[in-house]
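Peer 1:
Residue numbers (the numbering used here), protein chains in the order written: chain G, 45 to 410; chain Y, 45 to 410; chain X, 45 to 410.
(1) Going along the stretch 191-209 of chain G in order, which residues come within less than 9 Å of chain Y, judged by CB to CB distance?
(2) For residue 322 of chain Y, tell me which candidate among Y/236, Y/279, Y/119 has the shortest Cα-Cα distance.
(3) Would you say residue 102 of chain Y reaches chain X, if we count a Cβ-Cβ gap shorter than 7 Å as a contact?
(4) Where are the beta strand (DSSP E) runs, 3 residues long or more, that stay fully inside the stretch 137-210 of chain X, in chain order?
(5) Using alpha carbons as the reference points, say which of Y/160, Y/112, Y/157 lies closest to residue 139 of chain Y.
(6) Secondary structure at residue 368 of chain G, three-state DSSP: helix, strand or coil?
(7) To be precise: take each residue of the stretch 226-248 of chain Y, compare its Cβ to all Cβ atoms of chain X, and keep it if any distance is under 7 Å. Which residues remain?
(8) DSSP three-state call for residue 257 of chain Y: helix, strand or coil?
(9) What does residue 319 of chain X touch in chain G if you count any residue whose Cβ is under 7 Å from its own?
(10) Distance, Cα to Cα, residue 318 of chain X vs residue 109 of chain X?
(11) If you follow the beta strand (DSSP E) that residue 346 of chain Y is part of, which residue opens it and which one closes it?
(12) Ordered along the chain, which non-local residues of its own chain (more than five positions away) have a Cβ less than 7 Å from that of residue 54 of chain X?
(13) Restricting to runs no shorter than 4 residues, where is the alpha helix (DSSP H) found entirely within the stretch 241-301 of chain Y?
(14) The beta strand (DSSP E) with residue 118 of chain Y in it runs from where to where?
(15) Using 7 Å as the limit for Cβ to Cβ distance, is residue 260 of chain G near chain X?
(16) Please check if any C-beta of chain X sits within less than 7 Å of the C-beta of residue 153 of chain G.
(17) Compute the Euclidean distance between the alpha carbons of residue 256 of chain Y and residue 361 of chain X, then round it to the nearest angstrom.
(18) Counting beta carbon pairs with one atom in the stretch 111-130 of chain G and one in the stretch 225-236 of chain G, are three or more of them shorter than 8 Å?
(19) How should residue 241 of chain G be labelled, buried or exposed, when 16 other C-beta atoms within 10 angstroms of its C-beta is the threshold for buried?
(20) Consider the Cβ of residue 375 of chain Y: report whether some Cβ of chain G lies at a distance smaller than 7 Å.
(21) Give a yes or no on whether the C-beta atoms belonging to residue 207 of chain X and residue 164 of chain X are separated by under 7 Å.
(22) Helix, strand or coil, according to DSSP, for residue 229 of chain Y in the structure here?
(23) From residue 85 of chain Y to residue 72 of chain Y, what distance separates their C-alpha atoms?
(24) Along chain X, which residues have their Cβ under 8 Å away from the Cβ of residue 188 of chain Y?
(25) What are the residues in the stretch 136-149 of chain G lying within 8 Å of chain X by C-beta distance?
(26) Of all the CB atoms in chain X, is at least one closer than 7 Å to the CB of residue 357 of chain Y?
(27) Cβ closer than 8 Å: which chain X residues qualify as neighbours of residue 322 of chain Y?
(28) Decide if the stretch 278-292 of chain Y is in contact with the stretch 342-355 of chain Y; the criterion is three or more beta carbon pairs, one per stretch, under 8 Å apart.
(29) Give me the chain G residues within the contact set of residue 84 of chain X, using Cβ-Cβ distance strictly less than 7 Å, ordered along the chain.
(30) Look at residue 325 of chain Y and residue 343 of chain Y and say whether their C-beta atoms are less than 7 Å apart.
(31) So, residue 294 of chain G versus residue 188 of chain G, is the Cβ gap smaller than 7 Å?
(32) Starting from residue 77 of chain X, trace the beta strand (DSSP E) both ways and give me its first and last residue.
(33) Alpha carbons only, please: which of G/347, G/245, G/205 is nearest the one belonging to residue 169 of chain G?
(34) I want to verify the contact list: residues of chain Y whose CB lies under 7 Å from the CB of residue 256 of chain G, in sequence order.
(35) For residue 147 of chain G and residue 340 of chain G, what's the separation of their Cα atoms in angstroms?
(36) Are the CB atoms of residue 145 of chain Y and residue 370 of chain Y nearer to each other than 7 Å?
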């Protein structure tokens with residue numbers, strides 16, 4: 045083509061359209077072959093991928109149930125409570141949850157609270173010199189009760205506003221260190237996990253077939269020696285997450301127990317075993333350690349002789365273990381691979397059929 | 045082509061097969077180039093997409109932990125209880141849950157129940173005129189106990205079947221309006237959320253680095269002034285969901301607190317901040333408002349002087365806040381975009397290489 | 045082509061490159077048509093699929109809330125407790141959970157426990173003949189307390205190590221059969237489920253519009269007669285999972301209640317109804333039935349006359365019902381189908397445009 049101005053050539057290039065030269069073969073054999081191939085592909089995509097596999101549903105197809113049972117005894121010795129035993133009914137709160145459990149490891153206890161009047165805990169906003177500093181009925185979210193309007197003596201040095209509250213008030217102090225239930229590190233937990241792929245009618249539990257009652261009564265999980273024992277020592281779990289149990293126990297925290305089922309359902313189901321990993325979930329950033337750990341308040345309610353309600357308030361620090369089960373992946377993955385592979389073959393067939401076309405063609409055109 | 049019958053032409057068209065004319069280039073340069081390109085694509089798809097990225101696993105890769113802590117005091121004044129303070133240990137039931145918390149806002153209380161005999165609450169099926177109308181041992185699911193077979197006087201006008209139950213029975217009445225714990229609207233909740241993408245070893249919490257203790261002690265979430273404060277006023281959350289707190293508090297309900305982490309991990313992690321949205325989850329359809337709200341019964345158990353068990357039954361109405369964390373999306377999205385982009389480039393390369401082919405071709409064919 | 049050595053021909057084949065013969069059409073009409081088509085496709089993919097649809101986000105778009113309310117009365121008659129009524133506040137533990145509920149069906153009760161000394165339960169490791177066999181301070185995870193070092197008489201025949209514990213200790217025995225709360229099979233549960241697709245601003249609850257208060261008060265779910273009644277009899281749920289309620293009630297277990305919302309949002313929303321399925325989630329493998337069922341311990345705490353804490357320990361066996369809501373699928377599916385279809389059309393257009401090209405071509409080349 046003759047040389048032109050740049051602009052012209054670009055413009056020309058823009059309005060240029062390149063299309064493959066098409067050879068039309070009028071042949072019963074080839075035509076049929078072509079249509080059949082097309083039919084095959086369509087049938088495959090619609091029938092197999094969409095109808096049969098429903099691959100996009102697999103992700104919600106896995107069903108899992110988790111139950112946990114903690115065992116262990118802790119002994120505490122405090123001025124308030126004296127020598128006291130803590131068993132599972134005392135330190136698991138609430139007694140049952142869907143897929144997590146909380147173990148009490150440390151606590152601040154306030155005994156014999158009753159609904160009455162007492163001076164607020166000294167804190168900016170609650171200090172006072174005379175009643176004028178206190179507003180009757182004011183309820184500060186940082187406070188422990190509703191102010192009566194009186195200014196009363198809290199200690200030799202302090203005067204604070206009087207409140208209607210559960211008295212005596214909880215003292216705002218740091219949790220004991222070492223933690224009160226330091227023994228908790230030796231508690232063990234049996235985690236029972238059953239999974240099911242309804243579509244494949246596949247069931248499995250983390251208590252493997254060969255595990256018998258006697259083994260289960262004395263085994264403790266250990267990556268090397270007992271990788272299939274579903275009983276875990278709390279300290280081991282925390283240690284695997286590169287945390288120190290006693291340190292974590294002081295302010296509490298959240299641990300993640302991951303159970304992974306990566307089963308190839310085409311393989312013998314005995315190959316399908318759970319893998320356990322442990323992680324600390326709540327952030328304990330040394331740089332910004334505002335509001336660390338995990339704690340909450342709960343109370344035990346009593347009625348004393350003259351039918352008056354009293355309670356024991358407990359600020360409980362502890363470790364919550366969230367059990368998370370992963371298993372869908374496998375199925376989805378299976379499906380993806382399967383699909384791609386099969387598709388690939390069919391595409392190949394097509395490719396070959398093209399090749400055939402040329403042969404047929406060459407036969408037909410003398 | 046000569047004119048034919050319609051049917052014939054269709055048939056012909058059906059058995060027609062069109063294929064591009066193929067030009068076979070026998071050239072070391074071109075061939076190599078071609079194979080290399082193919083190898084590149086295959087290597088990319090297998091190696092990068094499948095092995096490295098494992099995109100299909102990203103969805104289960106995000107780990108999140110949520111802990112909540114409610115603060116606030118409510119004051120009630122009823123004939124049953126007199127002046128009474130409600131603090132967190134009283135109105136959070138159960139004291140801890142995995143990723144939700146329930147705040148008691150309204151209640152019907154039945155004091156000093158004991159296991160004894162009393163007349164059923166008047167209701168169709170429980171009214172009677174003589175013992176003949178009552179069937180000993182019958183336990184109606186709508187009833188409160190097991191019938192003794194006696195027909196006793198409930199009030200001046202009513203006679204009902206006697207039951208063995210926790211007596212006195214709870215009266216079947218509407219919850220108080222305004223709600224008893226109307227003060228709950230001023231309660232605040234600190235929501236601590238830590239997320240982690242193990243694969244990317246990326247950690248983040250919703251208490252942002254610059255948030256310090258003093259700020260955290262007095263801040264309250266506000267879209268405009270304090271968008272990063274993780275402390276929320278209950279009323280604000282409900283209002284953002286276009287609901288009226290006091291109305292919702294009467295019969296209770298369920299609120300959803302969504303925390304979205306849409307982080308591009310290629311960007312500085314300081315850009316990765318949570319977005320909070322609030323929605324009412326339980327339906328309050330004005331047209332069909334059958335069984336509205338959320339309530340449940342629980343009891344506090346006591347033993348009186350002569351070691352007899354008594355309990356206080358509470359029908360608690362309140363708002364359950366379900367905290368939901370979304371974060372996987374980002375990663376999956378990243379992956380999708382990334383993949384598409386990279387693919388596109390490679391496809392482009394291919395496209396160019398085709399172009400090259402033609403140039404090479406033109407050089408080769410004098 | 046002339047016959048050659050095998051190796052040579054393979055090598056040749058390897059360096060062979062086949063490309064379609066390209067016909068370049070220089071035509072304003074055709075070029076423009078071509079560019080427009082390309083623009084269309086690009087616009088569609090970027091604009092519609094990515095920006096508008098955000099298909100990959102749909103999976104986290106569904107919001108669901110579940111609340112449950114159990115009704116029913118059970119009567120037990122034991123030597124410990126005498127004739128006793130159990131109502132919802134007694135047998136639902138904890139009183140509220142996010143999306144599951146536990147119904148107590150069987151129990152072992154230990155009354156009036158106090159912190160004191162008593163002989164361990166006879167078990168290998170706890171039997172002794174003299175104090176030398178007992179180690180003061182030793183706390184075995186299988187034990188119930190901390191050993192005092194004394195060896196005391198447990199029964200006429202047995203001597204065991206004395207422990208500091210909640211005494212008297214719970215006897216290690218099988219749960220009663222038939223289960224104590226056999227009546228639980230007639231309990232009913234109202235399951236309220238609301239779903240929402242925020243993106244489509246679509247709300248729906250499982251209490252369908254036509255269901256009114258009177259119907260809801262007396263209906264019980266039945267696949268044939270009452271498929272839309274959200275009130276389920278516990279026994280029916282267990283039976284649908286091909287389990288026997290009374291058998292399951294003895295040791296307890298975990299049931300899965302699946303609610304499927306498979307709604308085509310293009311159809312009238314009245315077609316969008318939930319489907320309920322019930323499955324037993326925990327494995328009850330007859331071959332390997334180690335640690336069967338589901339149970340946990342909890343306690344009720346009292347204070348006796350002289351302000352000493354006593355408790356009633358209950359080892360509770362029961363059935364936990366986990367409610368699982370599936371609904372995302374539909375949306376994702378919609379989106380997939382939608383996308384593919386639309387793409388297909390556009391591709392078709394392209395195909396046609398190619399065909400047109402040829403016609404245009406034939407017009408242009410006389």
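The beta-carbon is built from N, C-alpha and C at its ideal position, and this holds for glycine as well.
Peer 2: On the basis of the data shown:
(1) For the stretch 191-209 of chain G, which is checked against every Cβ of chain Y, the residues closer than 9 Å are 207, 208, 209.
(2) The candidate whose alpha carbon is nearest that of residue 322 of chain Y is Y/279.
(3) Because the pLDDT of residue 102 of chain Y is 42, which lies under 50, any placement of that residue in the model is unreliable, and the number read from its coordinates should be weighed accordingly. Output row for residue 102 of chain Y: interface = no.
(4) When DSSP assignments are scanned along the stretch 137-210 of chain X, the uninterrupted stretches of beta strand (DSSP E) that are 3 or more residues long and fall wholly within it turn out to be 144-163, 190-197.
(5) Nearest Cα to residue 139 of chain Y within the set Y/160, Y/112, Y/157: Y/112.
(6) In this structure, residue 368 of chain G counts as strand in the three-state DSSP scheme.
(7) Flagged: no residues at all.
(8) It is helical.
(9) Identification of chain G residues near residue 319 of chain X by a Cβ-Cβ cut-off of 7 Å yields none; the smallest Cβ-Cβ distance measures about 13 Å.
(10) Whole-angstrom Cα-Cα distance: 14 Å.
(11) 339-347 is the extent of the beta strand (DSSP E) around residue 346 of chain Y.
(12) Apart from sequence neighbours up to five positions away, no residue of its chain approaches residue 54 of chain X with a beta-carbon distance below 7 Å.
(13) As far as the stretch 241-301 of chain Y is concerned, its whole alpha helix (DSSP H) runs of at least 4 residues are 257-262, 278-284, 289-295.
(14) Element bounds for residue 118 of chain Y: 118-122.
(15) Taking 7 Å as the threshold, the shortest C-beta distance from residue 260 of chain G to chain X falls below it.
(16) Closer than 7 Å: no.
(17) Straight-line Cα distance between these residues: approximately 47 Å.
(18) They touch, by the three-pair rule.
(19) Classification of residue 241 of chain G: buried, given that the 10 Å Cβ count is 16 or more.
(20) Low per-residue confidence applies at residue 375 of chain Y: pLDDT is 46, beneath 50, and the placement is therefore not dependable, though the value from the model is reported in the following sentence. Residue-level contact check: residue 375 of chain Y does not touch chain G, since none of the beta carbons of chain G fall below 7 Å from its beta carbon.
(21) Yes, these two residues count as a Cβ contact at 7 Å.
(22) Correct three-state label for residue 229 of chain Y: helix.
(23) When rounded, the distance between both Cα atoms is 20 Å.
(24) The answer, in chain order, is 117, 131.
(25) Listed by position, the residues of the stretch 136-149 of chain G near chain X (Cβ gap below 8 Å) are 136, 138, 139, 140, 141, 142.
(26) Taking 7 Å as the CB threshold, residue 357 of chain Y lines the interface with chain X.
(27) Within chain X, no residue comes near residue 322 of chain Y; the closest Cβ sits about 11 Å away, beyond 8 Å.
(28) No contact exists between the stretch 278-292 of chain Y and the stretch 342-355 of chain Y.
(29) Identification of chain G residues near residue 84 of chain X by a Cβ-Cβ cut-off of 7 Å yields none; the smallest Cβ-Cβ distance measures about 15 Å.
(30) Against a cut-off of 7 Å, the Cβ pair of residue 343 of chain Y and residue 325 of chain Y comes out as no contact.
(31) With contacts defined by Cβ atoms closer than 7 Å, residue 294 of chain G and residue 188 of chain G do not form a contacting pair.
(32) That residue, residue 77 of chain X, is in no beta strand (DSSP E); its alpha helix (DSSP H) goes 72-87.
(33) When each option's Cα is compared against that of residue 169 of chain G, the closest is G/205.
(34) Chain Y residues near residue 256 of chain G: none, gap ~32 Å exceeds 7 Å.
(35) Each residue's Cα considered, the two are about 12 Å apart.
(36) No.
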